[in-house]
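Per the numbering used here, residue 2 is the first one in the sequence shown, and the count goes up by one each step. For reference, the structure discussed in these notes is given below.
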Amino acid sequence: MAISRLNAFLMLTLILFWGSSFVVVKIALNEGLTPISIATFRFLIAGGFFLIALLIEKRRRNYRLLVGRKELPILLVLALTGVTFFFAAQYTGI
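This is the structure we're talking about:
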């Protein structure tokens, strides 16, 4: 299976952003930001990009994203433990 040029570019971009995140966090900490504020900014920026991607995909494929009320508490716990606590601990460690 061949990788398209766009996919190769996106993968390289991902590697660059991911690899440079430790350096960026260290600089932000030296500038006086707290680990929680860095994590908050990260999630606001990433959430905006994910929202844009979701809206583009929704328009392209014309589908609805449904999450039931029963799933909301589970999603909240997963979001807090799987992402928020992880990055807060990582940034505190740096």
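Idealized CB from N, CA, C, for every residue including glycine. Just so it is clear, the structure is predicted and the values come from calculations on it, not from any experiment.
With respect to the 9 Å criterion, K71 and R65 are not classified as neighbours on the basis of their beta carbons. Under the three-state reduction of DSSP output, K71 falls in the coil class, being neither helix nor strand. In this model, L73 and L79 are separated by some 10 Å (Cα to Cα).
Contact between I37 and A89 holds: CB atoms are separated by about 6 Å, below the 8 Å threshold. Within the same chain, Cβ atoms closer than 8 Å to the Cβ of A40 are found at T85, F88, A89 and Y92, the five residues on either side in sequence being excluded. Boundaries of the alpha helix (DSSP H) around V26: R6 to N31.
In the three-state reduction of the DSSP assignment, I95 falls in the coil class, being assigned neither a helical nor a strand state.
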